[in-house]
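In UniProt numbering, the protein residues as written are 1 to 346.
Think of the CB as a built atom: it goes at the ideal place given N, C-alpha and C, for glycine as much as any other residue.
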């Protein structure tokens with residue numbers, strides 16, 4: 001569909017391969033905060049297609065499902081497959097980026113957001129942004145947006161100075177300042193999203209289940225407390241929004257790079273990320289937890305920690321400076337939501 005013909009609203013784009021254990025809970029957590037959910041699945045050897053069909057029947061007005069079986073070469077590639085994938089032309093149907101573009105082409109609404117199956121969404125938080133996209137909440141410029149603009153500039157200065165100092169300059173982000181300006185910043189971000197001049201970066205909390213739920217500080221398996229550093233966006237669909245292949249030689253993968261022309265602004269946490277609980281991850285993370293129990297903080301204790309305390313416990317070699325700078329915003333913007341939505345994990 002031509003992007004000029006799209007309706008007001010928010011489309012979720014979910015790409016799946018063998019995600020059977022996660023699909024139902026993920027869909028149930030986000031479906032009420034979306035106008036539609038486009039599900040594209042490929043090369044499945046588990047019950048993913050059957051579960052997707054069940055979700056389509058349960059939500060026939062919202063869920064649209066498409067098989068995309070082109071033997072995609074993306075993650076966990078052998079050396080031979082990696083050499084093939086990295087040399088594929090941009091329009092090859094075997095690229096994950098082509099699958100992403102296919103999903104995007106099926107959207108019927110003006111705005112879109114990537115939905116990952118291993119995430120449990122904070123429905124009401126996501127819905128606040130969906131209401132902006134759908135026009136249910138009219139947004140007109142007002143004087144408080146100046147404060148939101150000021151904080152946007154201030155936060156950019158914080159990130160720049162932190163990069164220069166090679167550490168997060170936390171003295172620049174005191175809680176009192178954050179509490180004073182964050183509502184104005186979010187309202188300003190919503191106004192710019194509606195105007196089509198900004199994309200909104202979403203984030204969440206990594207969680208791990210053993211006897212109970214924990215927040216990991218696991219530098220061995222690269223599971224920091226937070227998830228999302230600008231790779232999940234709510235954005236307005238246009239001719240300038242598309243995916244190309246991204247070659248990662250270190251992990252021997254060929255994934256996707258998203259292209260857009262928007263100013264990137266940030267929202268608070270929107271989900272619990274369950275990746276550490278995948279079958280192929282759980283055992284090695286449990287082994288790390290048994291050897292280094294101090295790296296796993298119970299959910300309820302984590303919600304009481306300041307970001308300074310959290311930063312002092314992070315593995316500085318495993319978590320990049322950019323991550324640690326952005327984590328400060330994620331924590332201060334959404335730590336209070338953790339308790340509110342912890343019932344999702346039950």
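query = Which of the three DSSP states, helix, strand or coil, is assigned to residue 141?
reply = Counted from its first residue, the chain shown places residue 141 at position 141. Three-state DSSP puts residue 141 in coil, outside helix and strand.
message = So within the segment 285–335, which uninterrupted alpha helix (DSSP H) runs reach at least 4 residues, ignoring any that extend past its ends?
response = You should have 299–302, 307–313.
task = Could you pull out every residue in the same chain whose Cβ sits closer than 6 Å to the Cβ of residue 114, ignoring the five residues on either side in sequence?
result = For the purposes of this step, residue 114 is taken as the residue at position 114 of the chain shown. Excluding sequence positions up to five before and after residue 114, its CB lies within less than 6 Å of the CB of 13, 232, all in the same chain and listed in chain order.
ask   = Once you ignore the five residues that flank residue 275 on each side, which residues in its own chain have a CB closer than 8 Å to its CB?
value = For the purposes of this step, residue 275 is taken as residue 275 along the chain shown, with counting starting at 1. The answer, listed in chain order, is 118, 206, 223, 227, 281.
ask   = Hey, quick one: how far does the beta strand (DSSP E) through residue 265 stretch, first residue to last?
value = The residue given as residue 265 occupies position 265 in the chain shown. 263–273 is the span of the beta strand (DSSP E), which, as asked, contains residue 265.
query = Taking the C-alpha atoms as reference points, what is the distance between residue 24 and residue 279?
reply = As a working mapping, residue 24 is identified with position 24 in the chain shown. As a working mapping, residue 279 is identified with position 279 in the chain shown. Rounded to whole angstroms, residue 24 to residue 279 spans 17 Å at the Cα level.
task = Please name the residue, chosen from 101, 59, 6, that lies closest to residue 245 on a Cα-to-Cα basis.
result = Translated into the one-based positions of the chain shown, residue 245 becomes position 245. Taking only the C-alpha atoms, the option nearest residue 245 is 101.
query = Going by the CB atoms, is the gap between residue 293 and residue 338 shorter than 9 Å?
reply = Indexing the chain shown from 1 puts residue 338 at position 338. Indexing the chain shown from 1 puts residue 293 at position 293. No. Outside cutoff.
key: With 16 other Cβ atoms within 10 Å as the buried cut-off, status of residue 290   = Position 290 of the chain shown holds residue 290. By the neighbour-count criterion, in which 16 or more other beta carbons inside 10 Å mark a residue as buried, residue 290 falls on the exposed side.
DSSP-derived helix/strand/coil call for residue 87 = One-based indexing of the chain shown puts residue 87 at position 87. Looking at residue 87 - three-state DSSP - the assignment turns out to be coil, as it is neither helix nor strand.
task = Could you check what DSSP says for residue 92 in three-state terms: helix, strand or coil?
result = The residue labelled residue 92 in the question sits at position 92 within the chain shown. Residue 92: coil per DSSP, three-state reduction.
task = On a CA-only basis, which of 85, 256, 203 is nearest residue 272? Give me that one, please.
result = As a position in the chain shown, residue 272 is number 272, starting the count at 1. The shortest C-alpha separation from residue 272 is found at 203.
inquiry  = Mapping the DSSP letters down to three states, classify residue 229 as helix, strand or coil.
reply    = Residue 229 sits at position 229 when you count from the first residue of the chain shown. Note: residue 229 maps to coil in three-state DSSP.
ask   = Going by other Cβ atoms of all chains shown within 10 Å of its Cβ, with 16 needed for buried, is residue 48 buried or exposed?
value = Your numbering for residue 48 matches position 48 in the chain shown. Buried: at least 16 other Cβ atoms inside 10 Å.
key: Same chain, Cβ closer than 8 Å to residue 59, five either side skipped, listed in chain order   = Within the chain shown, the letter at position 59 stands for residue 59. The beta carbon of residue 59 sits closer than 8 Å to those of 27, 31, 37, all from its chain and outside the five residues before and after it, given in chain order.
key: Distance, residue 74 Cα to residue 84 Cα   = Here residue 84 refers to the residue found at position 84 of the chain shown. Here residue 74 refers to the residue found at position 74 of the chain shown. Whole-angstrom Cα-Cα distance: 11 Å.
request  = Examine the Cβ distances between the segment 140–155 and the segment 177–186 and report whether three or more of them are shorter than 8 Å.
outcome  = With the cut-off at 8 Å, the segment 140–155 and the segment 177–186 touch.
query = Smallest Cα separation from residue 134: which of 6, 250, 197?
reply = Working through the chain shown from its first residue, we reach residue 134 at position 134. Residue 6 is the option with its Cα nearest to residue 134.
request  = Counting only runs of 4+ residues fully inside the segment 171–232, write out the alpha helix (DSSP H) ranges in chain order.
outcome  = 175–195
message = I'd like the list of long-range same chain contacts for residue 106, defined as Cβ closer than 7 Å, with 5 residues on each side in sequence excluded.
response = The residue you call residue 106 lines up with position 106 of the chain shown. Hits under 7 Å: 38, 64, 66.
ask   = When DSSP builds the beta bridges, which residues end up paired with residue 235?
value = Counting from one through the chain shown, the residue named residue 235 turns up at place 235. In the DSSP output, where bridge partners are listed per residue, residue 235 has 112.
task = From the DSSP output, in three-state form, read off residue 72 for me.
result = As a working mapping, residue 72 is identified with position 72 in the chain shown. Correct three-state label for residue 72: coil.
request  = Given a cut-off of 9 Å, decide if residue 127 and residue 254 are closer than it, judged by their beta-carbon atoms.
outcome  = For the purposes of this step, residue 254 is identified with residue 254 of the chain shown, where counting begins at 1. For the purposes of this step, residue 127 is identified with residue 127 of the chain shown, where counting begins at 1. For residue 254 and residue 127, no; Cβs fall outside 9 Å.
Top-ranked residue by Cα proximity to residue 267, from 62, 148, 94, 78 = Reading the chain shown from its first residue, position 267 is the one you call residue 267. Residue 267 has its Cα closest to that of 148, out of 62, 148, 94, 78.
key: Outcome for residue 259 when other beta-carbon atoms lying within 10 angstroms are tallied against a minimum of 16   = Translated into positions along the chain shown, residue 259 becomes position 259. Answer is exposed; the Cβ neighbour count stays below 16.
request  = Thinking residue 108 and residue 11 are a contact (beta carbons under 8 Å), I'd like their distance in whole angstroms, please.
outcome  = Residue 108 sits at position 108 when you count from the first residue of the chain shown. Residue 11 sits at position 11 when you count from the first residue of the chain shown. Under the criterion of beta carbons closer than 8 Å, residue 108 and residue 11 qualify as touching, at roughly 6 Å.
ask   = Alpha carbon to alpha carbon, how far is residue 33 from residue 131?
value = As a working note, residue 33 is residue 33 in the chain shown. As a working note, residue 131 is residue 131 in the chain shown. So the two alpha carbons sit approximately 8 Å from each other.
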